[in-house]
Structures are given as structure tokens and as C-alpha cells.
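These notes are about the structure you will find just below.
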Amino acid sequence: MIPLVDAYGHIAILAGVPLSFVAVIFLRRLIENSQNKPILPPGPMPLPLLGNVLAIDKKEPWLTYTEWRAAYGDLIFVRILDQEVVVINSQHVAQALLDKRSRIYSDRPYLATLEPYGWSVNFGFTGYNDEWRLCRRLFHQTFRPESAVKFRPMQIRRAREMVANLVDDPQHYHSHFATFSSSVAMSTVYGYDASARNDPLVQIVINAMMGLSMLTPERAIMLKAFPFLLNLPDWCWGSSIKRGAQTSAKRVNEMVNVPFQYVQQHMADSSHSSMVAENLQRMETQDEASKPMFETALKKAATTAIVGQQRSFISYFMPSTHLLHVASYETTSSTLMAFALAMVLYPDVQKRALSDRRATVVCNIWGISRDEKRYPEASRFMPDRFIDANGALTDDNPAEYVFGLGRRICAGRHVADASAWSAIATMLATVDISSAKDDQGKTIDFTPKFMVGVVRYLASP
373 MIPLVDAYGH IAILAGVPLS FVAVIFLRRL IENSQNKPIL PPGPMPLPLL
423 GNVLAIDKKE PWLTYTEWRA AYGDLIFVRI LDQEVVVINS QHVAQALLDK
473 RSRIYSDRPY LATLEPYGWS VNFGFTGYND EWRLCRRLFH QTFRPESAVK
523 FRPMQIRRAR EMVANLVDDP QHYHSHFATF SSSVAMSTVY GYDASARNDP
573 LVQIVINAMM GLSMLTPERA IMLKAFPFLL NLPDWCWGSS IKRGAQTSAK
623 RVNEMVNVPF QYVQQHMADS SHSSMVAENL QRMETQDEAS KPMFETALKK
673 AATTAIVGQQ RSFISYFMPS THLLHVASYE TTSSTLMAFA LAMVLYPDVQ
723 KRALSDRRAT VVCNIWGISR DEKRYPEASR FMPDRFIDAN GALTDDNPAE
773 YVFGLGRRIC AGRHVADASA WSAIATMLAT VDISSAKDDQ GKTIDFTPKF
823 MVGVVRYLAS P
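373 is the number of the first residue of the sequence shown in the numbering used here; add one for each residue after it.
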């Protein structure tokens, strides 16, 4: 039994930690304000200590940033607690900064959730350093445009398997989309031929991806301020964060190592070809001292490729010391979910489609893609807006910004785009996508729901 005096002492210590944190922020702000600082972009007036955090929609911050564009313009400065943030609401400004000055907009800030939850294996979160450049080079060798073409037959085959699954079991369409996305990634990265349904390695990936919902900005801020939460005993209030981190880290570790070991076990098979296999062969020619770093970088590049194919990073803070992409990675599984929703809500389009084809900087791609001046009725699904009077595509190509910009642009965008095209074209040619009906044949009304957290994606019913 803990003596009463000691118990009160522990309570006093716990109570003093947040007060100390507030005091440190306050003193830091006083010091910063007393110094000469450069002129900042316009933005809402921040509150002492809290900044603008109370004014920002916690689940969908891009909506707030888009609203502020009308008042403050395409470049906005906001303060979230002690974090300074610059929000970009314009493609023109984004390209001017993130493409033309990419050297200073390519780093990543510290995120307190990455290491505990196992997600430091994704090199998208790695700082702009030699490790990141090595990971990017390994990634680019496999997914550059001229290399991505060789995957097309496999993508078409997988798309046909997906359609067969949709016809046999339309109720679980979300699972079929996820299986298609994962199987394409597993084939290109590990040379693994996944089963059309319920594949064990694909399930390992899906289990690991479930942990992404825990990587919320709020949890990152909390762990940065109170890292002792990861050391609380299981019986203590607040220990759920630690237990969630342990579970997530275990699943991510399994996702990293199990398919990697599969490649190592099948290296002797001359027909085995994949991103990991080719680079393991290259590694054999290197000196022993550099092999551990190379293997670590290869695992990170492979894991990033798998994760990038699985979920769409619509709402996640993909930050750098000077860069934060909102909606930068439009990947296959979520793209197909959004496509299915668009076909249900706009059946007329489906019919026509059969004939066609320094502070942290936030690039608010949600706001860019819904600029009413550029796209009237921006929230309406109107593919015709990208076709001119002569039936040709206009020069307005959303791919120039939805995959990110600068040196952090999605390296796997060519394969991801080809996968989405293969799946969507195959579905349009073979199946009719419509709302579900009840026993009396009446259409079942529904309201689309989106999951938010580290990612934003369309939820399965």
C-alpha cells in the first residue's frame, strides 16, 4: 500500500507537469515576441499559449483553412500551440514554393507518435537526409515511369479478379478494393502472388494499417508534451495510449519483416523478380559495413510502397520542418472507394464514361481542388470540366498537385495511377455500380461517412 503522503506527492508531480509545460511555452513566446522577426503572412489572431487551435476543426482542419482563404488569401499563417504553420491554399503558390524552392521545403519535423507506434519505418516521415535520399533512390528505381509499364499486365489481371469478386460478392466491395490494392503492391514490391481472397500476407498489411487511425495530431501533441504516458503501468488511467502503441508497433513490425523474409527465402528461384529481390542482389556486391544501412533503407522503401498503395493520405499531417501536405497521396484503395461512391451518386456520368478515359507549411489540396472560381460547383462530380468544347482534355491536370509537390512528391504515383486506371476501366466495362436495394426492391438511402485520423478515407458500410 502506498502511504497517503507519497500518494499526494505523486499527484502533485503529475499536476505540476502540465503547468510546467504551459509556463515553458509562455516564456518561449515572450522571448520570441521580443525579438525582431520577419513579416509573416496574414492569418487569424492567435490566443495566448493556445494559438489558433480552438478555431480549427479538429477532424477536418482543411475545411477551416479553406474558409480562411476568403478572409486571408492563398497563404495563411496560423499558430497551433507552439507550432507555427503556414497554409498554402493555391496550386500556383504551392508550385512556386514546393517545386521551385524544394530544397528548403523537403524536411520533416519530429512526430512523437511515429517511433512508439512503429511507423518510423515509413520513409515518408524521415527527415531530409542521406537515409531518405537512399530510400527514395531505391523506390524510384522500381516505380519510375519507364519501369512502371512492366506492371500493367499484372494490374489488368488483378483488376479482372477484383471484378469477379465484385460479381460473386458485391456486399463486400470494400474488401475487394483493398485486396486489389494490396495484391498489386505485394507483387511489385515482394514478388508475392497474393490469393484473390483472404490472403494471409495481405491480412497482415491490413491489420497494420488499422493502427494509422491512432496517429492523430492530437495524440502526437500529447506525447510530445507528456512522453511519460508511454511508461505508465497497465492499471493506471491513461495507459491505453501505451497499450495501443505496443499493439500497433507489433503489427507494423510483422508487416515489415514477414514479406521481406518471404523474398529472402525465394531468392534462389530464378523467376522471382521484385523491388526487394533486385535490391538484395545489389546489396550482395557491397562492402559489409554498408549492408545494414542498405537493408534498413530497403525495408523502409518497401513498407512505404505497400502503405502508399493501401490508403489515401487525405487529411494527414505529412509534415516537414517546412512542409505539410494535406491530401498529398491519392492512392488506390481509397480512390476506388471514392469512384464507387461517385458512380452511385452520379449514374449519368457512369453511362457517359463508357465512351471516355520554414515554419510547417500546409499545402491545402482540399481547398485547391474545391476553388469555386476555378471549379464552379466544385463539390459536384463533373468529369466534363476537364474536357474542352472539342472533346480534348484541358491543360488543367489535378495530378500536378494531388500527388504532392517538390522533392516529396509521391514516387509511386505512376504505378498508383495505372492501378486505379486498370481497376476503374475494368469495372466500367463489366459491372453496373448502383445503390443497394432492400427486400422490396427499393433503393436504400445512405449518407457517405469518412474516417478521419492520420488518414481520411471513405468508410465501408
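Don't be surprised by glycine CBs; every beta carbon is placed ideally from N, CA and C.
In terms of Cβ geometry, S706 and Q527 do not form a close pair [threshold 8 Å].
Straight across, the Cα-Cα distance linking R780 with G496 is about 8 Å. Pairing N769 with F758, the inter-Cα distance amounts to about 8 Å. Ranked by Cα distance from D743, the first of L412, T675, G445, G423 is G445. Our two residues, G415 and I448, have alpha carbons roughly 5 Å apart in a direct line.
If the five residues before and after Y500 are omitted, its C-beta is found closer than 6 Å to the C-beta atoms of S478, D479, all from its own chain and listed in chain order. For V556, the enclosing alpha helix (DSSP H) covers residues 545 to 562. Under DSSP, the beta-bridge partners assigned to T815 are K809. Assignment of E749 by DSSP, reduced to helix, strand and coil, places it in the coil class.
In this structure, S559 sits away from V574, with a CB-CB distance that is not shorter than 8 Å.
The closest CA to that of G616, considering only V539, L601, N629, is found on L601.
Contact check for W738 against W504 fails: the beta carbons are separated by 8 Å or more. Contact between C507 and A673 holds: their C-beta atoms lie close to 5 Å from each other, under 8 Å. A580 is positioned such that its CB atom lies closer than 8 Å to that of V624.
With respect to the C-alpha of E487, the residue from A536, A427, H464, T619 having the closest C-alpha is T619. Contact between V561 and A677 holds, since their C-beta atoms are separated by about 5 Å, short of 8 Å. With respect to the C-alpha of F598, the residue from N651, K614, G583, C735 having the closest C-alpha is K614.
Per DSSP, the continuous beta strand (DSSP E) segment holding F449 begins and ends at 447 to 452. The criterion of a C-beta distance shorter than 8 Å is satisfied by M627 and V577. By the C-beta criterion, the stretch 628 to 641 is judged not to be in contact with the stretch 515 to 523, since fewer than 3 inter-stretch pairs fall below 8 Å. Excluding its 5 nearest sequence neighbours in each direction, V556 has C-beta neighbours in its own chain below 8 Å: F523, M526, Q527, R530, Q681, T704, V787, S791, listed in chain order. Taking 8 Å as the cut-off, the beta carbon of H544 is found no closer than this to the beta carbon of M709. Residue burial annotation: G583 is buried, with at least 16 other C-beta atoms found within 10 angstroms of its C-beta.
The DSSP assignment places 732 to 736 as complete runs of the beta strand (DSSP E) inside the stretch 717 to 792, in order along the chain (cut-off: 3 residues). Per DSSP, the unbroken beta strand (DSSP E) holding V459 starts and ends at 455 to 460.
Per DSSP, M655 is one residue of the alpha helix (DSSP H) stretching across 647 to 655. Per DSSP, L670 has no beta bridge partner at all.
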